[in-house]
Structures are given as structure tokens and as C-alpha cells.
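Novice:
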Amino acid sequence: MFDSPAADPALPNRFAPVRAAAPLVRFFARRIGLSVLTLLGLVTLAFAMTKFIPGDEAQVAAGPDAGPDQVEAMRARLGLDAPAIVQYLRFIWRLLHGDLGTSIVTYQPVLRDLERVLPSTLELVAITMVLNLVIAIPVATIAAAQGGRGLDALTRIAAAIAAGLPVFWVALMLQFLLGTLARVLPISGQRGFGVTVPNWTGMRTLDALLSGNPSAFLDASLYLVLPAATLALHFSSQLFRALRASLELAAASDFIAPVKAKGASTARILWRHALPNALPPVITLAGTQIADMLGAAVLVEAVFARQGVGAYLANAVAQKDTFAVIGTVLFVGAMVCVVNLLVDAILLATDPRLRAAELARGGRQ
Amino acid sequence: MTGLAVTDLCKSYPAAGGGRREVLKGVSLRIDKGECVGLIGESGSGKSTLIRCALGLEKPDSGRVDYEGSFVHEATGPDLLLFRREVQIVFQDPFASLNPRMTVEELVGEGLLVHRIEPSRARRRACVAELLGRVGLEADAMHRYPRAFSGGQRQRIAIARALAVSPRILVCDEPVSALDVSVQAQVINLLADMRSALGLGILFVAHDIGVVRYLCDSVLVLAEGRVVEEGPTETVFGDPQHDYTRALMAAAPVPDPAEAKARRALRRQQREAARGSEP
Amino acid sequence: MKPLLEVRALTIDVPKGEGWMRVVDGVDFSIGAGERVALVGESGSGKSMTARALMRLDDALRIGGAIRFAGEEVLGCTEAEMRALRGSGIGMVFQDPMASLDPFMRVGDQVAEVLRIRGVGRAEAHARAVAILAELGVRDAASRSGAYPHEFSGGMRQRVVLAMALVAGPKLLVADEPTTALDARIQQQVLDLIDDAAADRGLGVLLITHNLGIVAGFADRVLVMYSGRIVEEGPVEQIFAAPAHPYTRGLIAAVPRADMRVDRLPPIDGAPPSPARRPSGCAFHPRCPVRLPVCVMTAPQLRPSGGGSVACHLAAAEEAMA
Amino acid sequence: MMARPHLSLGDATVFVLVALILAAAVFGNLLAPEATFSSDIGNAFLPPDAQHWLGTDSQGRDVLWRVIAGAAPSLLSSMLVVTIYSLIGVVVATLATVVPRWLDEGLMRGTEIGLALPGVIVAMGFASAMGPSLASAVIAMSITGWPITARLLRSITRQTMVAPYVQGAQVMGVSRFRLMTRHVLPNSLDVLIIKWSGDVSITILVLGGLSFVGVGAQPPSAEWGAMISDARSYVSTAWWTAAAPGAAIALTAVSFSLLGDILQRRLGGAGASGGARS
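Taken in sequence, the protein lines are chains E, U, S and C. For this note's numbering, count along the first sequence from 1 and bump the result up by 1491. By this note's numbering, the letter at position 207 of the second sequence is numbered 189, and the numbering carries on one by one without gaps. For this note's numbering, count along the third sequence from 1 and bump the result up by 516. For this note's numbering, count along the fourth sequence from 1 and bump the result up by 1013.
(1) Note down the Cα distance separating E1125 of chain C from L1832 of chain E, rounded to an integer number of angstroms.
(2) Under 7 Å Cβ-Cβ, which residues of chain U neighbour S559 of chain S?
(3) With 16 other CB atoms within 10 Å as the buried threshold, where does G587 of chain S fall?
(4) Would you mind stating whether S1234 of chain C and F1269 of chain C have Cβ atoms separated by less than 8 Å?
(5) Would you mind telling me which residues of chain S sit closer than 7 Å to A130 of chain U, beta carbon to beta carbon, in chain order?
(6) DSSP state of V609 of chain S, grouped into three classes?
(7) What separation, rounded to the nearest whole angstrom, lies between the Cα atoms of E655 of chain S and R257 of chain U?
(8) Within a Cβ cutoff of 7 Å, which residues of the same chain sit near K1751 of chain E, ignoring the five residues on either side of it in sequence?
(9) On a CA-only basis, which of E:V1616, E:L1602, E:T1687 is nearest A1782 of chain E? Give me that one, please.
(10) Do you know how far the Cα of E522 of chain S is from the Cα of P809 of chain S?
(11) By how many angstroms is the C-alpha of V47 of chain U removed from the C-alpha of L36 of chain U?
(12) Cβ atoms of V771 of chain S and G729 of chain S: under 8 Å apart, would you say?
(13) Could you check where the alpha helix (DSSP H) with W536 of chain S kicks off and where it finishes?
(14) Looking at M621 of chain S: is its Cβ nearer than 8 Å to the Cβ of D692 of chain S?
(15) Could you tell me which whole beta strand (DSSP E) segments of length 3 or greater appear in the stretch 745 to 828 of chain S?
(16) How is the beta strand (DSSP E) around C109 of chain U delimited, first residue to last?
(17) So for F1225 of chain C, helix, strand or coil by DSSP?
(18) Report the rounded CA-to-CA distance for E667 of chain S versus D1842 of chain E, giving the unit in angstroms.
(19) Can you look up Q70 of chain U in the DSSP assignment and give me helix, strand or coil?
(20) Return the residues of the stretch 795 to 820 of chain S that lie within a Cβ-Cβ distance of less than 9 Å from chain U, sorted by chain order.
(21) Report the CB separation of V19 of chain U from L202 of chain U in whole angstroms; it is logged as a contact under 8 Å.
(22) In this structure, what does DSSP give as the bridge partners for Y49 of chain U?
(23) Of all the options U:A174, U:R246, U:H125, U:V194, which has the alpha carbon lying nearest to the alpha carbon of A715 of chain S?
(24) Are the beta-carbon atoms belonging to I1161 of chain C and V1204 of chain C less than 8 Å from one another?
(25) Roughly how many angstroms separate the alpha carbons of A1557 of chain E and L1569 of chain E, rounded to a whole number?
(26) Starting from E835 of chain S, find everything on chain E with Cβ-Cβ shorter than 7 Å and list it in chain order.
(27) How about R1844 of chain E: is its C-beta nearer than 8 Å to some C-beta of chain S?
(28) Beta-carbon of S1293 of chain C versus every beta-carbon of chain E: anything under 8 Å?
(29) Roughly how far, in whole angstroms, is the beta-carbon of A1150 of chain C from the beta-carbon of G1229 of chain C, given that I think they are within contact range, below 8 Å?
(30) Would you check if there are 3 or more beta carbon pairs closer than 8 Å linking the stretch 1585 to 1600 of chain E to the stretch 1694 to 1701 of chain E?
(31) Taking C-alpha atoms, which residue in C:P1086, C:S1051, C:A1153 lies nearest to Y1098 of chain C?
(32) Would you identify the three-state DSSP class for S1679 of chain E, choosing helix, strand or coil?
(33) Any Cβ of chain S within less than 8 Å of the Cβ of F1890 of chain E?
(34) Less than 6 Å between C-beta atoms, sequence neighbours within five positions excluded: which residues of the same chain meet that for A554 of chain S?
(35) Verify whether the separation of the beta carbon atoms of V806 of chain S and P759 of chain S is less than 8 Å.
(36) Secondary structure at L21 of chain U, three-state DSSP: helix, strand or coil?
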């Protein structure tokens, strides 16, 4: 209703790349700054959590059999006798040096533990994400062409049901049906007996490929099928539902009739016009899905006995391994921040309106 | 001194690509009780910003808005209450200007309630019925929600809502441009009638010269944040002095085929001349 | 000679709940080659539905009657034949120029797409797109064609939209409220642009609008639509000088003029009816100042009157008397 | 103006399902026979038959009755979680709408922290800090769930605040309190009702997952996640003990997510015609 100052007809000159680069730098500087702030908030939360835990940290660290003297010695050693603010600053200082504390279960630095278990989880999440996109995008677009009939109605119902299946239960049932009953797939662990590959990246499929060992690759892949399928079923049905709704909105936009009036076919309208317009919110969702996949990995790794971040966390929780829990939470938080930055970059590269808005906004600050 | 006076108003917003964009560059205007002032401006002229500043919804960078001798943007307590009661607005889009979750009775009676003019519910209802009658609606309309009404009827409800608190100044922001052509005249006439019956001062903001010429005593032409021409309506439109006013007059549709076609042919000649001289 | 477009007994129903709702109820008109026809009506008159039906843009509608374009029966076309017709037989310009463009595609590509669909090579399609953008007054068309719609102003976007409608060389241009969202000066520019383009190409034009004012200088012939029917039709001079239908008369009188002072506007009472609640008989009768008893009962037929035709019992009676 | 969509067969099915599940959650514990909660090792692992439609579990308890009794801890706690964090979200978003701009910005920055983490992982952290129990899982999810709701509602109130009818109310001089309670919130909350239903669907999955890995409800409880956790070791011999509670979670999650879709169709249309999102 009112003149909005943002709808300014004076537009940035897109033929001036030198000027255009500066706002981009500013954009990412701002986003990285925000991520740092977010992480700082998270660290504060994590620090507060260590203070909330019932019981005495020094007692826990010194072990249940330690006498009062030993506990006091441990308290001094851990710096727990200092004021809270000093402890907080030390906590941050240690984090900046990559010190996430030491696990009371493995007696290893938490960071080293995470380095060990991370590749397996990354491998699982990466494959799940590929399956996720490869399934959801084409199926949603093809279904949209049917406009509520046939395949569209069918996939909608199927996706609604699939999105409501609990991941850990699907894992358990698949394990039972395909592994135990049908015996077609390995049901637990991540490698067959006696199959070895060099540990270069830690991702077994990749290591097998790099070392030119096809049978080891097949072996590692087979172990991935059930966990990845379980996760992909859940996440791709979620992504499908979002994209299908987004496509419906895009297909109802006013610019669709003009495209049709050009003589474009339904397929062209969908793939060339509706889909690009429908994707941005779905890309954002796919980004948040990565965080959720890491969460779901806790469940899936538990069922399929994979040594990953999720299993490590579940184990740490069960063993009351405080530093391992906090370290893992922080680590996952940092990963999610990086993923969010990536998603921002992808959106900026694909959405011309967002690009214009960000260029304009960069100049304002 | 009476009425609403805007003096030397300036307002800017952060602009794309750095710096600030000046939307208002020193605008002054004044509406007295019983007077109808037209404000002509195209989109981007700054008229919406002007309205927001004049109504105290937004703070100007410099300049002042006075009502009954007090400075609107610093007014508090009784002065602010007086301003909030005596200066009302009717918006352009009748489908967005009425809260969809309130009945017509609540909508029209809200001013009576918040200004404690009529705290009793029964008496308020009687007032609402009378107001509805005055704008040409049946009293039983009060039990329904805005979605049950057409655009023209909604605009009548909006006018009744504004009139409920007995304002002295009514700001009308393009009140008929979203209505069907055959309904516009009804609402314009209603505003004219209310003005003579109640002695209302009206600031009528529009992009349509015809409506302003019909309704207003005097007019200001706003272009790029400045008043480029002002004066009695017939003087300004009868003999426009500024090029911009002339251009607006020339662009207004003429409902006379012979005249309109002659103008079109002339423009076409001019374009061809321009096209011929270009290369 | 056969007219370019011939519409006979056109009916349009939109799905409503379990059944259908009639929004266009028996419309007849034709447009000759190079002729400018304006279709004027208010909300709920069915004017935009009529325009969209010509190209069968909405699958959900039920369209009856006959639409013949260049001798071909549009309603009998297969979907492939329709695709060929859209763009190269009939070009269309839509109401809101911002909303008519895909925000994710460069404007040059959007214009060129019309040709690419028809198998024109990438380079040639692009060259022709740039050429028509330049012709329609887009400065630096070659470089501007790489920009996205949001980088264009309202008037420039309307030029792009027009380029899309014209680039495949249609014989008829349908413009659905092309100036509604625009200021008077831009509105005039856009109309002049359509005027020039149509004159240069000898195009027939169907201009859909609610604004009778802009019609006077543009159209050869005017169709006035009310609640799903054409109530009056005639040469533009006659419509303005001697409107025969009380609705047309009311419309012309109710618009305040910019070029002269009017003392009191005579308003039309009531509001245009929604298709769901169309009055019996002549749909205008509840608002008509000269209503006859018969108007409530039966709908008047469109009858020749002067140089045009009118659907009004009173006009028919007066004609019979004279 | 707007025609209300007819009650289709599909919609009716969803309503009936939701009603049945809610009934199980409210009355299940009262109706269940005593034996549902006590062990009878002699009858352990009976496969489904006429007497035990879904068989018996490791303690010889009837699986069907346990699934019905489990509706209360599973569904009601999920509904509680979503209700608590929705209320927190409403309060935060409402505050952000009325406070000065810098504080609004600050609050919204704060919510970004909450977005940076998967709910399961944070909840695991919290639950481990507070000791594993259904209550800690519920508390953990309640205090981690609100940021998304707050941000969604804030973005809607931001649009509603500039709607002409809200500005008209400001010109009329209505108080801030009345502005929020009569004009802004009533026209902003539709989305939250739709979201509430969808969120219950997601929360029941997450809560089940937490119980499954042992940080939520603990074994004797008939909470569905805990039942599956308990049944996990016997899947290959007594698959029904794991299949039944999982199917119950799925049925509930799907029903509530479809309920959300239906509400979206019905309320979404009404809100739009009201012109709140102009």
C-alpha cells in the first residue's frame, strides 16, 4: 500500500563487476560473523550445561573411588576453583585451540575421537543427501505434471506415510526383513570379515575406490544400503512434500499463464519455469535436513552398529561422558553453521532476486 | 490556528547501493476544517510517505506536523489523544483496511470504545446503527464480518468507522481507485456529502485528476518529493503552469473519441519525428 | 471476407463445489484483420475469462460455443495444435507486467523462448528477441536482454511482455488490462506502444479493460460486458456519443473528467453482481434507473441498433415505436 | 464469499483416526487390564492369536493393550512439548513485535542459535545433563523447539503490522495491548495452529527416537519408543513386539501430519481472503 523504499527503481549496475564484488564480500563477511555469534551462543549454552549437571565435576573426573584430597587436587588441576567467568574464558580459549576436552571413556581427546568416527557418518550423510535429491526432485516434478491425478495422488499419500514412519523403527524392520529373513544384505557393522582397505579418507567406499579395490568397494557399499535407504526414505519423502507444495505455489503464480500463452508445453512450464522458482525454499530445507540427518544418524548407527558420530554420542550419553557429549554437540553445531553458509551461497548463486536484494543491502551498511 | 499543517517535511530512506534516497524534499501543506485539499501524485512521488508522516506513523527527518497548535511527533497525553481522535484515515484497498476478524459493529464501534466516547455497549450499538445509516448501509450489517460485503460497501464501512469518533480531518488515500467504476461515484459523492454535512476537512490523495477536480477546492501536485504546483483546483487544472502538471493532464484519458484520436495522431507524429531524427 | 476471430454463443463455466458456475453466458463477437476492439466490463463481468478462453489457458474451465480463429475451430484443436496457435496465431499481454515475467529467467531468454519452442536456433532466436526489444524501445537491448525482470521498471517490463507476445508474429493481440497497475503517463506510453506495434504489423487487437476512458482514443469498436453477457456493442464514436444501454450511459456519466468541471456525478446504485448471484432477467435490472416490468422476467437479446447492437428491452421498445 | 470445502472421505478418515488416537491417549490407561503392567513370564512371546491380537512381549504382557496404554506417554507428552514451545514462541514473537527495533533484532539473532542444531542432538545433551527420563526429554524438547515457531510468527506479525487495518487502528489511537490482542495476533495465529499439528507429528517421532536410544522414557513404561527399545533384542524371534509400537507411532505421526494438511487447506484459505497477507 505504501511506497516501499526497497522497491527502488534505481538498480545496481550489473555490468560493473568490480563494484559488484564488494557487496558479495560484505555479504559473506556478515554471514560468517553471524555464524561466529551463533557458535558463541552455543558455546555459552554448552558451558552453562556443564554447570547444570547434578554432582561435582571434580568428583566425576577424579573417579568414584577418589578421596577428598584427590578430588580437591583434581579441582585445582581442572581449574574448577576459579571464578565462573574465568572458567568460561578458559573454556573458550581451549576451544579455540581445538581442545574439546578428554573423554572419560576412551581417555582420548574428544576431537581425536571425533576425527575417527566422523568419516563414516559423513559418508552416510553424503550418500543419503544424494539419494534424497535424486529421488525427491524428479518425482515431485513428474507428479506435479499429473495435477492431482494418478501418480500425483499416489506419491502424495505414499510420501505422507513415509514421512511419518519412525526412522529407528524402519531401520529395525528393514534389518529384520531384508537382513534376517531374506538374508540379502548385511545388517550390522560396516565391513565384511577380512575385507581391508587403507585408511586414507576414513570413508570406506571412497578408500576402496582410491585403492582400486572393487570387491572392497562393493562390500562397503552393501553395508551402506540399509542405513542410507532408511534415512533417504524419511528425508526424501519430507523433501518431496515440500517441493510438491512449493511447485504448486509456483504453478499458481501469475507468470505461468504468460508462459503457456507463448505455446510452451506442460513439461517445459514445469521444468524450465515452475521448478527453478520452486527450488529456493527446498534448498533451504535440504540444508536444515543435513542437521537432522546428523541427528537421525544417532538412531540409525545405533541400529546398524556403525561406528559414527551418532553412535559415539549415544554411547557418551549412556556413559555420562560429559566432555564427549558437549564436544560432539559443539562440533555438530559448527558443521551445521558451515552447511548454512553453503546453502546461503547456493541460494545467492541461483536466485537473481536475492542477489539483487543482497547487493542493494550490502551498500547500505 | 486550526487544522492540520505540514511544514517543510523532509524524509529519506537508505538507498540501494549506498547513500540515502530523499523521498520528501521539503513539503508543506495545510488543511483546515471544512476544506477539501487534493494531493495529486504518481507512484514514487512520495505521497504515501507524506501521509505516514502527517499521521504520525513515521518520524520525518526534519520539518514539522502541527495539529491545533501542537507538534504531532512530540505530542503526548491529551494532545496526542485529541490528534488520534480528530484526524482519521480511509485507505485505498477496502479488502485490506478492515480487520477480517472483527464484526462491523466492533469495527465501527472501536473508536467509540477506545476514546471512551460511548462506554456502554447498548448505546454504542445504537451509535453504530446510526452511522451505518448515514453511509447508506442497513443497520443489520453490523452483525456480519467484512468478507460479506462488496468493495464499495466495505469502503462505506471504513468511512463509518472513521466518522464514529467525530473527526475534523479525514485523510483519504486513493479511496476509490480500487473500486469498480460504477461504484466510484457513490463513494465520491458520499465523501462530498459528509464534508458539507459535518464540516470535515479532507485531504484527498489520488493519482486521478478527474476525481480531484470534481471533489477538491484546492490542489497540490507532488512530484519526486516536491510540491511543483499548488492553488485553487480550477486555476491549476484550467491553466497548468508546471510542465509536470501539463504532462499529467495530457496523459489523463479523454472520454471523447474524436478528441482522443486527434491527440493520439499528434503523439504518433511526434514519435515518428523523433524516430526519424535519431539516426 | 471472413473475420480474423469469430466468437459464437461462447459460454464459460468454472468449477464450483460439486457443480459448475456460469461466468460467461452466450457471448458473440468478431474481430476483423487489423481491427481494434475493446471489451469493457467491471469485476465479475467475465471479460478476462473471455480473453483467456480464446487461447484456452485454463484447463479447469468448461467452454462451450464456438471460437473460430483464421477459419480454424479453436475449441476442436488438440493440445499440440493449441500450442502452435498460442504465440504465433494469437499473442497475449497480461495485466501485471511484473507478475507476467518469470523472475528466474533473463528477459532476453524469455522473449527468445517463444521462438525456441518453435524450433528456431539459439543464436537466431536471441538475435530476433534483441531486435524486437530494441524496436519496442528498450535501450541497449543487446546488453539489457541479459538482465532479470526485477532490474526493469514497470514500463520497461510491459515492453518485454509485449515483445514476448509479438515476437512469433501473431495476427491477433489480446491485451488483458495491460495498463491497470500503471500510472497515467506510463499507461499512455504502453497504449501508444501497442498502437504503433499493431499499426506496423496490421494486427487485430482485443483490448480488455475496465476503464472506458482509455478506450476512446484506441478502439474502433467497443463491446460492453455486464455479468457474463455483452449488453452493448458498436463503433467507438457511437458508444460515447449515443450510448443506448442504460449501463453504458451510467458508466460514461459516472466518471469524473480531467478536462472539465462537473457539478454532480450521477452514480449508478448498487454494485456489479458476482456470477454466483446473477439477478433474474436482465442482470442489470436491480441497478437500472429505467427498468421495465419485463426486465425482471426475461433477459433481453442483443439486437441491432444504429450502427451497433444493444441488449435492452427499453431500447428495443423505443426502436419499435420509432 | 469463500465456499467451505466439503468434508471429503479422506478428511473424514483423518478426523476419525485422530479422534480414536486421542481417545486411546486419554482413556487407554483406565481401560487397560491390570496385566498390561505386570509381568507373566510364562506367557512371554506368544505370537498374535485370537486372545492376544498382537501377541505378547518379553514379559508376557499383551502388546495391543500396551500400545493403547502407550498412547498417553507418547502422544500427550508430544502435544505438551509442542504446546509449551508454541506458547514460548508466541510470547517471544509478540515481545519482538512491540519492543524497540534493536531488541527485536537481538531476540531474533538469539533464535538463530536454536536453528543451528538438530533437535535430537541438543535434546540428548540436555537429557544426559538432567538424567534420562521422559520428563527430561520433554523439558529438553520444550526449551529447544521454540525458536522456529518464534521466527515464523515474527515474520508473520511483521507483515500483519503493515496491513492497512493495523495502521488504521494505530491512527485511531488504540493501545499497544489492544493492537496486539485484537488486530495483530488474531490475524497471525492461523499458521501456528496448522504448524502445531505438523509439529506434533514430528515431535512424536523424535520423542520416540530419544526413548529408543535410552534418553527418554525408561523401560517399564509403555511409551512406544521405549517399547521398541525393549523389543529390539527380540526382533528376529518376536517381530510383533517391535512392529506394533512402531506402527502406532507411524499411524499417529501420519494422522497428525495429514490433519495439519487439512487445516492448512481450510484455514489457509480463510486467512488469505481476509487480506491479512496483502
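In this text, a Cβ means the ideal position worked out from N, Cα and C, and glycines have one as well.
Specialist: Short version:
(1) The alpha-carbon of E1125 of chain C is positioned some 13 Å away from that of L1832 of chain E.
(2) Listed along chain U are D162, each with a C-beta nearer than 7 Å to that of S559 of chain S.
(3) The Cβ neighbour count for G587 of chain S, taken over all protein chains shown within 10 Å, is under 16; the residue is labelled exposed.
(4) Contact: no.
(5) Close to A130 of chain U, with beta-carbon spacing below 7 Å, lies no residue of chain S; the smallest spacing is near 12 Å.
(6) In the structure shown, V609 of chain S sits in a strand (DSSP, three-state: E or B).
(7) Note on residue identity: the sequence assigns Arg, not Glu, to residue 655 of chain S. R655 of chain S and R257 of chain U: Cα-Cα distance of roughly 13 Å.
(8) So the qualifying residues of the chain are I1760.
(9) Nearest Cα to A1782 of chain E within the set E:V1616, E:L1602, E:T1687: E:V1616.
(10) Distance between the alpha carbons of P809 of chain S and E522 of chain S is about 34 Å.
(11) The residue you asked about is not Leu; residue 36 of chain U is Ala in the sequence shown. Roughly 6 Å between the two C-alpha positions.
(12) Going by C-beta atoms, G729 of chain S is nearer than 8 Å to V771 of chain S.
(13) Taken as a continuous stretch (DSSP letters only), W536 of chain S belongs to no alpha helix (DSSP H), being part of the beta strand (DSSP E) at 535 to 547.
(14) Not a contact, by the Cβ cut-off of 8 Å.
(15) 745 to 751, 819 to 821, 824 to 826, all fully within the stretch 745 to 828 of chain S.
(16) Taken as a continuous stretch (DSSP letters only), C109 of chain U belongs to no beta strand (DSSP E), being part of the alpha helix (DSSP H) at 103 to 116.
(17) DSSP places F1225 of chain C within a helical segment (H, G or I) once states are collapsed to three.
(18) The straight-line gap from Cα to Cα measures roughly 13 Å.
(19) Correct three-state label for Q70 of chain U: strand.
(20) Contacts with chain U (Cβ-Cβ distance below 9 Å) from the stretch 795 to 820 of chain S involve R803, listed in chain order.
(21) By a beta-carbon distance limit of 8 Å, V19 of chain U contacts L202 of chain U. Their separation comes to about 7 Å.
(22) Beta-bridge analysis with DSSP links Y49 of chain U to U:L(-14), U:S52.
(23) Nearest to A715 of chain S by alpha-carbon distance, out of U:A174, U:R246, U:H125, U:V194, is U:R246.
(24) It is not a contact, given that the beta carbons lie outside the stated cut-off.
(25) The alpha-carbon of A1557 of chain E is positioned some 15 Å away from that of L1569 of chain E.
(26) The premise fails here: E835 of chain S is roughly 40 Å from chain E at the closest Cβ pair, so nothing lies under 7 Å.
(27) The beta-carbon of R1844 of chain E is placed less than 8 Å from the nearest beta-carbon of chain S.
(28) Any question about residue 1293 of chain C goes unanswered here, given that chain C covers just 1014 to 1291.
(29) Between the beta-carbon of A1150 of chain C and that of G1229 of chain C there is about 4 Å, and that keeps the pair under the 8 Å contact cut.
(30) As far as the Cβ criterion goes, the stretch 1585 to 1600 of chain E does not touch the stretch 1694 to 1701 of chain E, which means the pair count is below three.
(31) C:A1153 is the residue among C:P1086, C:S1051, C:A1153 whose C-alpha sits nearest the C-alpha of Y1098 of chain C.
(32) Note: S1679 of chain E maps to coil in three-state DSSP.
(33) Since the first residue of chain E shown is 1492 and the last is 1856, residue 1890 of chain E is not available in this structure.
(34) For A554 of chain S, where only same-chain residues beyond five positions count, the Cβ hits under 6 Å are L723, V731, A735, V738.
(35) Going by beta carbons, V806 of chain S and P759 of chain S fall outside the 8 Å limit.
(36) Residue state, collapsed to three classes: strand.
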